[in-house]
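Residue numbers (this note's numbering): 6 to 132.
Ideal placement from N, C-alpha and C gives every residue a C-beta, glycine not left out.
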């Protein structure tokens, strides 16, 4: 795992998703955006403080309140999470992951076409 990219929990990732959607946001706006989770305001503020401590978000003073913005991009987080899943579950290999999904999940025609296009692009790079 890249030490520069903080480990984000599932709950923290929901807070990050709100900020990736739109930033900067006040804590009140973040609480409102997460209203459907059923979490108390204090829980969301605790998650924000944990993300601040991990340097995944920044808080900029704006008058009497703070506005939060992500320091960690969605792409950085997705890359870390993807690598972690591949390493932990599939021995670091993509082929067993795809084989698993092809056997246990319904792949749409669109999914298959996208996979073929990816494989074609990879083969062009290798040549």
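Check, Outcome
"Could you check whether residue 31 and residue 70 sit closer than 8 Å to each other, using their CB atoms as the reference points?", "yes"
"Tell me whether residue 76 sits in a helix, a strand or coil according to DSSP, three-state version.", "coil"
"Out of curiosity, what's the CA-to-CA distance linking residue 56 and residue 132?", "43 Å"
"Could you tell me how far apart the beta carbons of residue 74 and residue 63 are, in whole angstroms, since I believe they sit closer than 8 Å?", "6 Å"
"If I'm right that residue 76 touches residue 21 with Cβ under 8 Å, what's the distance once you round it to whole angstroms?", "Wrong, their Cβ atoms sit about 10 Å apart, outside the cutoff."
"Helix, strand or coil for residue 84, going by three-state DSSP, please let me know.", "helix"
"Give the C-beta separation of residue 83 and residue 10 to the nearest angstrom, bearing in mind that I take them to be a contact with Cβ-Cβ under 8 Å.", "The Cβ separation is near 11 Å, so there is no contact."
"Tell me the DSSP secondary structure of residue 31 in three-state form.", "strand"
"Assuming residue 40 and residue 23 are in contact, meaning their beta carbons sit under 8 Å apart, how far apart are those beta carbons, in whole angstroms?", "No, residue 40 and residue 23 are not in contact; Cβ-Cβ is about 11 Å, not under 8 Å."
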